[in-house]
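**Student:** Next up is a structure, given as structure tokens.
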Amino acid sequence: MQKIVLRTQHIEEYANDNAIRSYQQQVSEIHQHLHASISSDTENIPTGWLQDPLEANQDLIAEIECISREICRKSDILIVIGVGGSYLGAKAIHDALGSYFTKKDDVEVIFIGNQLSSDYLNQLMDYIQDKEVYVNVISKSGTTLEPAINFRIIREFIEKKYGFYAQQHIIVTTDQENGLLKKASELNNYRHLTIPENIGGRFSVLTPVGLLPAVVCGVNIRDLLAGASSAATELSSPNLDVNPAYQYAVIRNILLNQGHQVEILSVFEPKLKYFQEWWKQLFGESEGKNHTGIFPTSTIYTTDLHSIGQYVQDGRRFLFETILSIAEPEQDITVPFLADDFDALNYLTDKSLHEINTIAKDATMKAHANGAIPVIELNIEKLDAYHLGYLFYFFMKACAMSAYLLNVNPFDQPGVEEYKKNISSLLNSTSKEYKLS
7 MQKIVLRTQH
17 IEEYANDNAI
27 RSYQQQVSEI
37 HQHLHASISS
47 DTENIPTGWL
57 QDPLEANQDL
67 IAEIECISRE
77 ICRKSDILIV
87 IGVGGSYLGA
97 KAIHDALGSY
107 FTKKDDVEVI
117 FIGNQLSSDY
127 LNQLMDYIQD
137 KEVYVNVISK
147 SGTTLEPAIN
157 FRIIREFIEK
167 KYGFYAQQHI
177 IVTTDQENGL
187 LKKASELNNY
197 RHLTIPENIG
207 GRFSVLTPVG
217 LLPAVVCGVN
227 IRDLLAGASS
237 AATELSSPNL
247 DVNPAYQYAV
257 IRNILLNQGH
267 QVEILSVFEP
277 KLKYFQEWWK
287 QLFGESEGKN
297 HTGIFPTSTI
307 YTTDLHSIGQ
317 YVQDGRRFLF
327 ETILSIAEPE
337 QDITVPFLAD
347 DFDALNYLTD
357 KSLHEINTIA
367 KDATMKAHAN
377 GAIPVIELNI
387 EKLDAYHLGY
397 LFYFFMKACA
407 MSAYLLNVNP
417 FDQPGVEEYK
427 KNISSLLNST
437 SKEYKLS
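Positions in the sequence shown are counted from 1; adding 6 to them yields the numbering used here.
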């Protein structure tokens with residue numbers, strides 16, 4: 007039984023079974039290309055993430071768990087420094103599987119290096135002054151501006167605070183052989199975890215990039231990898247009738263060709279906020295090229311039903327919605343009976359909040375579908391490490407297929423590189439002007 011149920015009752019008038027099956031030959035060809043590239047020495051396509059995640063080096067997993075135990079024993083805070091794919095997956099795991107409120111004895115995990123706010127960093131430095139701190143800096147090259155600047159500042163703090171022992175408090179996750187961070191780890195004897203060469207940043211959540219912060223958060227990464235491994239097996243067929251990841255990719259393509267240019271990933275569980283952010287980067291950077299692609303955005307319901315929900319219901323009809331729902335909550339609570347019934351809600355007595363939230367989800371889907379919005383539902387049984395691992399793999403597989411259906415390369419990001427070149431040029435010119443003045 008597949009762990010994700012794809013429900014399409016609200017899109018049948020837009021993408022029926024015959025329309026979906028008409029993509030079968032194209033999907034089969036792309037599937038063959040993707041999987042052939044894993045073992046190809048000539049393709050040079052970063053598809054290492056397609057391999058069974060349980061093939062991961064067991065010694066590496068044990069090393070990650072060992073480092074995590076040290077961090078949890080000796081520190082109050084783990085600072086994770088990274089941007090884009092170097093932090094979004096880890097942050098998604100942290101929020102989805104962690105508690106809404108930090109428990110007293112937990113190591114606090116703080117994610118930085120994803121922006122350049124001076125106010126934020128100054129307040130962070132004040133906050134960590136009297137705390138025990140470890141740092142995990144994540145970057146394949148070590149040259150990306152935001153994490154590089156943040157690491158420079160945090161590194162100075164660590165070296166002043168711990169002196170000779172500073173090296174023990176810094177773990178570097180970077181390339182196996184190349185890059186400035188790799189050189190820094192060798193010069194300073196930092197512990198080094200490797201980002202596989204054949205896996206790009208936004209596809210790297212199931213590598214040490216996401217796994218070390220996850221373990222520190224208390225996540226069982228073996229369950230996370232087991233879920234992804236199940237997905238790798240269950241989504242290994244090119245047959246559209248049995249592969250919901252490919253069905254989802256095809257439906258997206260059909261809807262785009264009908265003028266639905268924006269996809270909203272909607273959830274009814276706030277814990278999934280950073281999973282949505284990870285999803286937006288995955289699809290945005292993979293598909294947004296050659297002036298094509300679906301614009302990915304997100305909403306958290308029921309909160310956003312009282313704001314952006316108005317536009318979804320009655321605004322311009324250029325979007326579609328994918329609702330990610332959870333069948334069983336980790337915990338539930340029932341509505342109590344009140345003698346005075348001041349709010350006239352006694353009719354809900356003994357109904358669970360999850361039951362009411364599910365009814366709200368069904369009502370929202372019906373309303374939006376009746377308002378001419380195509381609505382896809384992706385349902386998982388529960389939000390735990392196993393199912394989250396499955397979800398990560400599902401969306402990565404779907405994204406690769408979806409991008410190739412648009413005739414774009416899922417694995418590069420030329421627009422981001424353009425921004426990097428421009429900011430480097432402007433900073434260099436500003437520096438020269440400063441030196442001349």
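Just so it is clear, CB atoms sit at the ideal spot from N, CA and C, and this is done for glycine as well.
No experiment lies behind these values; they were computed from the predicted model shown.
1. Based on Cα-Cα distance, which residue from Asp111, Leu56, Asn63 lies nearest to Cys78?
2. So, with DSSP's three-state summary, where would you put Pro276?
3. In whole angstroms, what is the alpha-carbon distance linking Asn428 and Gly421?
4. Looking at the unbroken alpha helix (DSSP H) that takes in Ala154, where does it start and where does it end?
5. Assuming Ala366 contacts Phe274 (C-beta within less than 8 angstroms), just tell me the rounded distance between them.
6. Rounded to whole angstroms, what is the Cα-Cα separation between Leu144 and Lys109?
7. Taking the beta carbon of Arg258 as the centre, do at least 16 other beta carbons fall within 10 Å, making it buried, or is it exposed?
8. For the alpha helix (DSSP H) containing Lys372, list its first residue and its last residue.
9. Using the Cα positions of Ala25 and Ile332, report the straight-line distance between them to the nearest angstrom.
10. Once the 5 residues before and after Ser243 are set aside, which same chain residues still bring their CB inside 7 angstroms of it?
11. If you follow the beta strand (DSSP E) that Phe326 is in, where does it begin and where does it stop?
12. Within its chain, find whatever has a CB closer than 6 angstroms to the CB of Leu84; leave out the 5 residues flanking it on each side and keep chain order.
13. Count the other CB atoms, across all protein chains shown, that sit within 10 Å of the CB of Gln121; report buried if there are 16 or more and exposed otherwise.
14. Does the structure place the stretch 198–212 close enough to the stretch 50–57 that three or more beta carbon pairs sit under 8 angstroms?
15. Reducing DSSP to helix, strand and coil, say where Ile26 ends up.
16. Taking only the alpha-carbon atoms, compute the straight-line gap between Gln6 and Leu40 and give it to the nearest angstrom.
17. Is the beta carbon of Lys137 closer than 8 angstroms to that of Gly185?
18. Have a look at Arg75 and Gly224 and give me their C-alpha separation to the nearest angstrom.
19. If I follow the unbroken beta strand (DSSP E) through Ser304, where does it start and stop?
20. Excluding five sequence neighbours on each side, which residues of the same chain lie with their C-beta closer than 6 angstroms to the C-beta of Ser358?
21. Can you tell me whether Met371 is buried or exposed, with buried defined as 16 or more other CB within 10 angstroms of its CB?
22. Tell whether a beta-carbon distance below 8 angstroms holds between His393 and Lys9.
**Tutor:** Let's see:
1. Cα-wise, what sits closest to Cys78 is Asp111.
2. It is helical.
3. 11 angstroms
4. 151–168 is the span of the alpha helix (DSSP H), which, as asked, contains Ala154.
5. 7 angstroms
6. A small correction: the amino acid at residue 144 is Ile; Leu does not occupy that position in the sequence shown. Answer to the nearest angstrom: the Cα atoms are 26 angstroms apart.
7. buried
8. 359–376
9. 28 angstroms
10. Asn249
11. 325–334
12. Ile77, Val113, Val115, Tyr140, Val222
13. exposed
14. yes
15. helix
16. No answer is possible for residue 6: it lies beyond the span of the chain, which begins at 7 and ends at 443.
17. no
18. 10 angstroms
19. Counting along the chain, the unbroken beta strand (DSSP E) around Ser304 starts and ends at 301–306.
20. So the qualifying residues of the chain are Asp338, Thr340.
21. buried
22. Yes, the pair counts as a contact, with Cβ atoms nearer than the cut-off.
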